[in-house]
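Mapped onto the working numbering, the consecutive letters of the sequence shown carry residue numbers 5 to 357. C-beta: ideal position from N, C-alpha, C; glycine also. Since the model is a prediction, treat every value here as computed from it, not as a measurement. Remarks on the structure that follows.
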Amino acid sequence: MEELFDRYINTRKLQASTIGLYKQKLAMLYRKIIGSQNIEVRMTKTLDLFKKLDSSMEWVFDVEAVHNAIKEESIGSQKTIYSILAPLLNFINTDKSNEFGEIYRKKIFEFGEIISNNTKKQTITKPKLKQSWVDWKDITQRYDEYVSNVGNGGLAIDNLDRNNTAFIALSFMVLFCPRRSSCIEKLKVVMKPVSDEDYLEMDNEFNYIYLTKNKGKTTLVLNNYKTSQRYGRQKFILSDRFTKLLNLYMTTRFIPKGHENDEMPFLIQKTLGNSPSHYPFTSAGISGIIKKFMTDEFKMPNITTTDLRTIYITSWYNESNRYITEVETESFKLGTSPSEFTKSYVKRKSEIS
């Protein structure tokens with residue numbers, strides 16, 4: 005498979021991180037399709053499995069099997085799979101591969117249309133942010149006041165795990181930056197520093213926080229997010245304040261029965277009653293608990309995670325005259341393109357006052 009793939013990528017301008025992502029996606033798709041029937045496939049490490057893939061790609065000639073393997077993933081993730089398969093099958097250039105390459109090419113357009121319609125729907129139905137606009141400095145001030153009043157880093161100590169989950173989700177947005185909620189939908193926590201070996205064996209379906217205590221720095225690694233094809237794998241060092249809060253949260257929160265030895269729990273997990281389960285929140289769920297928390301605790305109603313991004317970017321952009329290099333750096337951190345950063349998120353005074 006590697007020989008075929010090397011020839012294929014030589015015909016395309018792909019970053020090294022994107023090439024690695026494509027290999028991971030193909031191997032994991034194969035595992036989902038074949039793994040239930042083959043224990044060796046289930047147990048083989050992802051990168052080793054990629055090398056063993058059948059280069060004829062006949063294992064994706066069953067459209068229903070591919071659909072069933074990825075149907076639980078987000079619309080964006082499904083579109084990415086088809087965006088990998090279609091051109092690769094056309095590159096193989098047999099009658100069968102071209103036939104299925106065309107089928108999957110049509111899938112790309114179908115999912116692109118769904119994404120476009122969802123975006124339009126959100127734009128049409130979204131309340132005017134002007135009615136609930138606050139400055140970013142007001143949000144951070146209210147956040148600091150909340151932490152001071154609650155104590156314990158802002159974490160409730162009376163088993164209100166539901167409240168703590170929302171607080172940690174918001175803390176990610178405030179103490180790091182307001183990424184899209186889908187970015188932390190599949191964010192796992194690993195209680196150790198990241199190593200070079202970890203990068204090689206990383207499952208690109210997930211994002212990771214490698215949480216340290218006394219030595220090294222806590223590292224955020226983003227593999228699965230909206231603009232991953234543009235930026236590839238992203239790595240950030242989290243602040244000491246956020247690290248301290250995460251350590252306190254991870255070592256004191258409730259652990260669901262049967263998951264005491266889970267080495268990679270999700271950061272934001274659903275609740276059963278007031279206690280977290282081992283299932284992650286969806287992107288919409290994360291936005292919902294943040295919106296409710298800000299309404300109940302900060303008395304700032306109707307602010308979604310998208311609003312947080314807009315408020316943050318507008319406030320940052322208007323602080324001073326910004327150079328293009330500054331915009332590029334900040335847009336990279338927020339996982340958006342510089343053009344979208346300035347055109348979609350930065351609001352004029354007439355729009356917010």
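Runs of alpha helix (DSSP H) lying entirely within the segment 17-68, each at least 4 residues, in chain order | Listed in chain order, the complete alpha helix (DSSP H) runs (minimum 4 residues) inside the segment 17-68 are 20-38, 43-47 and 50-55.
Taking the Cβ atom as the reference point for each residue, do Lys111 and Tyr86 lie within a distance shorter than 8 Å?
-> Taking the sequence shown and counting its residues from 1, the one referred to as residue 111 is at position 107. Taking the sequence shown and counting its residues from 1, the one referred to as residue 86 is at position 82. Their beta carbons are under 8 Å apart, which means Lys111 touches Tyr86 by this criterion.
Output the boundary residues of the alpha helix (DSSP H) element that contains Ser211.
-> In the sequence shown, counting from the first residue as 1, residue 211 sits at position 207. It is worth fixing the name first, because residue 211 is Asn in this sequence and not Ser. Segment Asn211 to Tyr214 is the beta strand (DSSP E) holding Asn211; no alpha helix (DSSP H) there.
Which term fits Phe104, buried or exposed, when burial requires 16 or more other beta carbons within 10 angstroms of its beta carbon?
-> Within the sequence shown, the letter at position 100 stands for residue 104. So Phe104 counts as buried.
Classification of Phe54 by the beta-carbon crowding that lies within 10 angstroms, buried from 16 upward | Locating residue 54 in the sequence shown gives position 50, counting from the first residue. Label assigned to Phe54: buried.
Mind reading off the beta-carbon distance from Asn167 to Ala173? Whole number of angstroms is fine, and I expect it under 8 Å.
-> By one-based count along the sequence shown, residue 167 stands at place 163. By one-based count along the sequence shown, residue 173 stands at place 169. Not quite, the Cβ-Cβ distance comes to about 11 Å (not below 8 Å), so this is no contact.
By how many angstroms is the C-alpha of Lys353 removed from the C-alpha of Glu323?
-> To locate residue 323, count along the sequence shown from 1; it is residue 319. To locate residue 353, count along the sequence shown from 1; it is residue 349. Cα to Cα, the separation comes out at about 13 Å.
Does the segment 76-90 come close enough to the segment 21-32 to have 3 or more Cβ pairs within less than 8 Å?
-> These segments touch.
How close, in whole Å, do the beta carbons of Tyr316 and Pro182 come, if the pair is a contact with beta carbons under 8 Å?
-> Counted from its first residue, the sequence shown places residue 316 at position 312. Counted from its first residue, the sequence shown places residue 182 at position 178. Rounded to the nearest angstrom, the Cβ distance from Tyr316 to Pro182 is 5 Å, consistent with a contact under 8 Å.
Beta-carbon spacing of Leu8, Met177 below 8 Å | One-based indexing of the sequence shown puts residue 8 at position 4. One-based indexing of the sequence shown puts residue 177 at position 173. No, the Cβ-Cβ distance between Leu8 and Met177 is not below 8 Å.
Glu68 to Leu338 span [Cα, whole Å] = On the sequence shown, position 64 is the one that residue 68 refers to. On the sequence shown, position 334 is the one that residue 338 refers to. Roughly 36 Å separates the two Cα atoms.
Go to Ile241, then tell me how far its alpha helix (DSSP H) extends in each direction, as first and last residue.
-> Against the sequence shown, residue 241 aligns to sequence position 237. No alpha helix (DSSP H) contains Ile241, which is instead part of the beta strand (DSSP E) from Gln238 to Ile241.
If you run the structure through DSSP and keep just helix, strand and coil, what is Pro284?
-> In the sequence shown, counting from the first residue as 1, residue 284 sits at position 280. If DSSP states are grouped into helix, strand and coil, Pro284 belongs with the strands.
For Leu224, which of helix, strand or coil comes out of DSSP?
-> The sequence position of residue 224 within the sequence shown is 220, counting from 1. If DSSP states are grouped into helix, strand and coil, Leu224 belongs with the strands.
Thr15 to Phe95, Cα distance in whole Å?
-> As a position in the sequence shown, residue 15 is number 11, starting the count at 1. As a position in the sequence shown, residue 95 is number 91, starting the count at 1. One Cα belongs to Thr15, the other to Phe95, and the distance between them is close to 9 Å.
When DSSP builds the beta bridges, which residues end up paired with Phe270?
-> Position 266 of the sequence shown, counted from the start, is the residue given in the question as residue 270. Partner(s): Lys192.
Write down the C-beta distance between Thr225 and Tyr214 rounded to the nearest angstrom, noting that I regard them as a contact closer than 8 Å.
-> Mapped onto the sequence shown, residue 225 falls at position 221. Mapped onto the sequence shown, residue 214 falls at position 210. According to the sequence shown, residue 225 is Val rather than Thr. The pair is a contact, with the Cβ atoms about 7 Å apart (cut-off 8 Å).
Check whether the segment 199-207 touches the segment 46-66, counting contact only when three or more Cβ pairs, one atom from each stretch, lie closer than 8 Å.
-> yes
Could you give the DSSP three-state label for Thr127: helix, strand or coil?
-> Taking the sequence shown and counting its residues from 1, one reaches residue 127 at position 123. No answer about Thr127 holds up, because its pLDDT of 46 lies below 50 and its placement is not dependable.
Excluding the 5 residues preceding and the 5 following Ile74 in the sequence, name in chain order all residues of the same chain whose CB lies nearer than 8 Å to its CB.
-> As a working mapping, residue 74 is identified with position 70 in the sequence shown. Answer for Ile74: Leu33, Lys36, Ser81, Gln82 and Ile85, listed in chain order.
Mind checking if Thr329 is an interface residue toward chain D, Cβ cutoff 8 Å exclusive?
-> Checking the listed chains, one finds no chain D in this structure; it contains a single protein chain.
Leaving out the 5 sequence neighbours to the left and right, which residues in its chain are closer than 8 Å to Val45 when beta-carbon positions are compared?
-> Here residue 45 is taken as the residue at index 41 of the sequence shown, counted from 1. Answer for Val45: Tyr34, Arg35, Ile38, Gly39 and Leu53, listed in chain order.
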